[in-house]
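*Asks:* Position 202 of the sequence shown, counting from 1, maps to 201 under numbering that gives the first Met the number 0, and the rest follow consecutively.
Following this message is one structure expressed as structure tokens.
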Amino acid sequence: MHTARSILIWAVIALCGIVLITLPVNLQTQLIAGTVVVTIMAVIKVLKRQGTWRLVALAFGTAVVLRYVYWRTSYTLPPINQLENFIPGLLLYLAEMYNVAMLMLSLFIVATPLPPRTAHAAKTQNFPTVDVFVPSYNEDTNLLANTLASAKAMDYPADKLRVWLLDDGGTAQKRNSTKVLESQAAIARHNELKQLCTDLEVEYLTRDRNEHAKAGNLNNGLEHSTGELIAVFDADHAPARDFLLETVGYFEDDPKLFLVQTPHFFINPDPLERNLRTFDNMPSENEMFYGIIQRGLDKWNAAFFCGSAAVLSRRALESQNGFSGISITEDCETALALHGAGWNSIYVDKPLIAGLQPATFASFIGQRSRWAQGMMQILRFRFPLLKRGLTLPQRLCYMSSTLFWLFPFPRVIFLFAPLFYLFFDLEIFTASGSEFLAYTLAYMLVNLMMQNYLYGSFRWPWISELYEYVQTVHLLPAVVSVMLNPRKPTFKVTAKDESIAVSRLSEISRPFFVIFAVQIIALAVTIYRVYAEPYKADVTLVVGGWNLINLILSGCALGVVSERGERASSRRVRVDRRSEFGTDGNWNSASIEDVSVHGARLNVFNRGMEPIKVGSEATIRFQPYSGADMVTLSVVIRNIEQTGDITAVGCQYVPKGAADHRLIADLVFANSDQWTKFQQARRRNPGIIRGTIWFLGLSFYQTSRGLIYLFRGVGSDRTQQRQEAKARS
């Protein structure tokens with residue numbers, strides 16, 4: 000009876016909604032209605048009302064969006080007999096409908112996401128055996144040493160924990176290659192990593208052939224291990240000491256649980272954050288996914304495996320013949336298969352690992368191309384909407400995750416649509432300036448407000464659009480290629496621990512400058528047409544404003560592809576840790592102020608301290624988080640700054656063996672609370688108005704910086720050409 004009544008209520012609400020959405024009204028009424036809705040949403044936001052009020056605001060916004068869809072569908076498409084207008088007009092319409100569909104899916108997933116789960120460490124009673132897999136291909140030995148040492152140091156019974164380095168860079172196939180250089184490099188790597196694993200007391204495992212990429216490597220680890228649970232960390236993802244204590248207990252609560260996923264936290268900025276200098280002040284791009292979307296997916300039992308920073312059930316994996324390997328995104332594919340088989344997942348919203356992300360723009364695009372192509376393969380081969388065994392919410396969640404990567408298509412259409420009118424006088428959107436004001440402007444404002452409601456302090460205004468634009472230029476060919484040949488893409492390892500010594504333009508930056516130049520010309524055409532054709536001024540101004548928004552995004556992108564020189568790939572992390580600083584057997588009280596994977600900075604109490612010199616050796620003494628006795632780590636002094644009784648000393652580690660890598664891991668990665676504090680410090684919501692003003696300022700500065708890099712690069716190229724010509728003569 001209760002179910003029938005609920006269905007009846009929802010049917011009545013839906014019917015009323017359809018009537019309101021399709022109700023014919025004049026432009027003045029539509030404009031007033033849009034203004035009222037925007038005002039109501041703004042008031043609710045300003046008053047910081049949550050719960051039911053949040054849903055009320057989103058419902059009002061949804062009504063405006065659907066009203067716009069009805070108007071757009073019924074009145075604005077060009078006549079079908081004008082193919083030169085109709086075809087691009089239809090493409091623009093489909094691009095807008097894609098955005099609306101993704102907004103609706105986002106509302107379903109994250110309108111009321113699960114709150115972060117409470118800490119689980121204190122509840123752990125039983126300690127199942129755990130195998131830790133660190134798959135590797137071509138990563139640096141020191142990078143692997145830090146990750147393996149961190150994994151080995153996790154707070155967990157030693158007899159229940161085995162750490163494995165799964166080395167795909169030293170396979171028999173590579174060691175026996177007919178290419179001498181490749182063979183010798185693989186042999187050297189094989190021997191070096193075997194010795195490292197022996198020193199760190201972890202297991203080394205390789206295989207005969209590099210088959211099925213990362214999925215094949217992980218499955219090889221499954222065949223040679225016996226742990227009840229499998230923890231997976233990428234080679235550059237070092238876990239904190241409490242990682243297992245915060246995750247394994249959930250498997251005791253639910254025998255059908257196959258996954259506990261945690262966020263990926265990065266201690267270095269991605270290329271956008273580094274080149275725009277937003278890393279310390281603005282939430283990272285991935286925080287929207289890990290801070291909101293994964294919690295929304297978790298509500299519907301659809302949080303999926305992200306390739307690292309996760310614990311999985313061996314029993315669940317073996318029930319599906321291990322990790323899936325049809326696509327190049329084995330993580331999401333594996334989760335899809337296990338959810339379809341009736342297994343459950345959990346997402347723990349606490350950063351328990353610290354990793355590295357691509358430092359160069361080219362590597363960033365390479366990584367995103369692999370993600371996009373892998374998700375397209377899942378869409379093609381697994382099509383989640385019809386996947387047997389999934390619940391309806393799970394189907395929608397997986398469709399949202401895969402369809403998202405189609406964004407290059409609508410983004411390209413939005414980028415070039417204004418140019419059809421400005422350059423070729425094509426009318427692909429039949430509406431007057433007043434109709435645009437009444438319908439489209441209200442839709443755009445409501446869309447921005449709904450994004451702010453959903454993601455708030457996790458994603459600032461216009462940042463999503465910028466990330467999508469800078470990826471679109473190079474992702475579009477990658478997505479098209481996988482659609483034409485879904486089996487063509489191969490797994491490519493993302494470059495780790497990169498650095499850029501000299502400021503320069505990215506090697507893939509040229510298209511961004513070409514697009515920017517075309518939009519500058521379109522801006523000039525807009526101004527000309529306003530004066531030359533005053534009877535079309537309203538439409539021309541609307542289309543010109545659209546092009547201006549694209550120009551602002553394109554200008555900001557010029558700063559993104561202008562790579563700033565930086566000596567190190569990883570930033571220093573603020574800490575506050577008591578220590579002692581020793582030179583020539585003399586010890587002084589000190590505190591460690593910040594650390595990185597390469598060095599540390601200390602404040603040393605210098606009263607009575609012997610003079611120290613840059614380049615001299617010294618020792619840091621501190622107590623590890625394990626509670627063991629004081630330990631010492633050798634360093635070289637790189638810089639000195641004296642202020643009264645305090646000397647600030649910058650040091651570089653001098654690791655001499657496995658023990659030193661354990662100490663570096665303890666200094667940098669052991670304490671997970673520092674990652675949480677760092678994230679919380681930059682999570683704030685500037686609001687739409689302040690956020691837009693901030694973005695305009697950012698775009699203006701980055702546009703000028705990008706143009707300076709361009710002219711400087713052209714000038715240096717010409718100088719080099721003259722020198723080469725002079726040398727030849």
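Using N, Cα and C, we set each Cβ at its ideal position, and we do this for glycine too.
Could you spell out the range, first to last residue, of the beta strand (DSSP E) harbouring Gln260?
*Replies:* Per DSSP, Gln260 belongs to the beta strand (DSSP E) from Leu256 to Gln260.
*Asks:* May I ask you to list the residues that DSSP assigns as paired with Arg367?
*Replies:* Paired residue(s): none; Arg367 is not in a bridge.
*Asks:* Comparing C-alpha positions only, which one of Gln81, Lys47 and Ser400 sits nearest to Leu104?
*Replies:* Nearest C-alpha to Leu104: Ser400.
*Asks:* Hey, Ile108 and Ile292: beta-carbon distance below 9 Å or not?
*Replies:* Yes; because the gap between Cβ atoms is below 9 Å, this pair is in contact.
*Asks:* Rounded to the nearest angstrom, what separates Arg458 and Ser176 at their Cα positions?
*Replies:* Distance between the alpha carbons of Arg458 and Ser176 is about 48 Å.
*Asks:* For Val37, count the other beta carbons within 10 Å of its own beta carbon; 16 or more makes it buried, fewer makes it exposed. Which is it?
*Replies:* Val37 is buried by the Cβ-count criterion.
*Asks:* Cutting at 6 Å between CB atoms, please list the residues of its own chain near Ala647, excluding the five before and the five after it.
*Replies:* Taken in chain order, the residues that qualify are Asn602 and Glu640.
*Asks:* Any idea which residues DSSP pairs Asp158 with across the strands?
*Replies:* Partner(s): none; Asp158 has no beta bridge.
*Asks:* Starting from the N-terminal side, write out each stretch of the beta strand (DSSP E) that is 3 residues or longer and does not extend beyond the region 438 to 495.
*Replies:* Counting only runs of 3 or more, we get nothing.
*Asks:* When you compare only the Cα positions, how much space is there between Pro156 and Phe322?
*Replies:* Between Pro156 and Phe322, the C-alpha separation is close to 27 Å.
*Asks:* Taking the continuous beta strand (DSSP E) assigned at Gln641, which residues delimit it?
*Replies:* Val630 to Thr642 is the extent of the beta strand (DSSP E) around Gln641.
*Asks:* Mind checking whether Ala142 and Ala239 have CB atoms under 9 Å apart?
*Replies:* Looking at the sequence itself, residue 142 is Leu, so the reference to Ala does not match. Taking 9 Å as the Cβ cut-off, Leu142 and Ala239 do not qualify as a contacting pair.
*Asks:* What is the DSSP secondary structure of Cys305, reduced to helix, strand or coil?
*Replies:* Cys305 falls in the coil class under three-state DSSP.
*Asks:* Looking only at C-alpha atoms, which of Ile692, Met374 and Gly388 sits nearest to Leu474?
*Replies:* It is Met374 whose Cα lies nearest to the Cα of Leu474.
*Asks:* Give the secondary structure of Tyr729 by DSSP, where H, G and I count as helix, E and B as strand, and everything else as coil.
*Replies:* For the chain, the structure presents residues 0 to 728; residue 729 sits outside this window and is missing.
*Asks:* Pairs of beta-carbons, one from the region 660 to 672 and one from the region 529 to 540, closer than 8 Å: are there three or more?
*Replies:* Counting Cβ pairs under 8 Å, fewer than three are found: no touch.
*Asks:* Using a 10 Å radius around the Cβ and a threshold of 16 neighbouring Cβ atoms, would you call Ser312 buried or exposed?
*Replies:* Burial call: buried.
*Asks:* I'd like the span of the beta strand (DSSP E) that includes Tyr203, first residue to last.
*Replies:* Element bounds for Tyr203: Glu202 to Leu204.
*Asks:* Can you look up Trp733 in the DSSP assignment and give me helix, strand or coil?
*Replies:* No information on residue 733 is available, as it lies outside the stretch 0 to 728 that the chain covers here.
*Asks:* In the DSSP assignment, what are the bridge partners of Gly354?
*Replies:* Phe265, per the DSSP bridge assignment.
*Asks:* Within 10 angstroms of its Cβ, does Gln450 collect 16 or more other Cβ (buried), or is it exposed?
*Replies:* It is buried - the Cβ of Gln450 has at least 16 other Cβ atoms within 10 Å.
*Asks:* What separation, rounded to the nearest whole angstrom, lies between the Cα atoms of Thr642 and Phe604?
*Replies:* Their Cα atoms are separated by approximately 10 Å.
*Asks:* Can you tell me whether Arg394 is buried or exposed, with buried defined as 16 or more other CB within 10 angstroms of its CB?
*Replies:* Looking at its Cβ environment, which holds 16 or more other Cβ atoms inside 10 Å, Arg394 is buried.
*Asks:* Measuring CA to CA, which of Asn343, Tyr67 and Gly290 is closest to Leu258?
*Replies:* The candidate whose alpha carbon is nearest that of Leu258 is Asn343.
*Asks:* Are Arg571 and Val594 close, meaning C-beta to C-beta below 9 Å?
*Replies:* A contact, by the Cβ cut-off of 9 Å.
*Asks:* Residues bridged to Ile619 by DSSP?
*Replies:* Its beta-bridge partners are Phe580 and Leu632.
*Asks:* Under 9 Å between the Cβ atoms of Leu425 and Asn209?
*Replies:* No; because the gap between Cβ atoms is not below 9 Å, this pair is not in contact.
*Asks:* DSSP three-state call for Asp537: helix, strand or coil?
*Replies:* Of the three classes helix, strand and coil, the one that applies to Asp537 here is helix, per DSSP.
*Asks:* Tell me the DSSP secondary structure of Asn602 in three-state form.
*Replies:* Strand.
*Asks:* Cα separation between Ile86 and Ala309?
*Replies:* For Ile86 and Ala309, the distance between alpha carbons rounds to 46 Å.
*Asks:* In chain order, what are the residue ranges of uninterrupted alpha helix (DSSP H) at least 4 long that sit wholly in the region 365 to 423?
*Replies:* Fully enclosed alpha helix (DSSP H) runs of 4 or longer: 391 to 402 and 407 to 423.
*Asks:* So if DSSP puts Arg116 in a beta bridge, which residue, or which two residues, is it bridged to?
*Replies:* BP columns for Arg116 are empty, so no partner.
*Asks:* Mind reading off the beta-carbon distance from Leu351 to Phe250? Whole number of angstroms is fine, and I expect it under 8 Å.
*Replies:* In fact, because the Cβ distance is near 16 Å, the residues do not count as touching under 8 Å.
*Asks:* Should Val653 and Val630 be called a contact, given that it needs their Cβ atoms to be closer than 9 Å?
*Replies:* In this structure, Val630 does not lie closer than 9 Å to Val653 by Cβ.
*Asks:* Report buried or exposed for Leu709, applying the criterion of at least 16 other Cβ atoms within 10 angstroms of its Cβ.
*Replies:* Looking at its Cβ environment, which holds 16 or more other Cβ atoms inside 10 Å, Leu709 is buried.
*Asks:* What's the gap between the Cα of Gly50 and the Cα of Met281?
*Replies:* Going by the C-alpha atoms only, they are around 26 Å apart.
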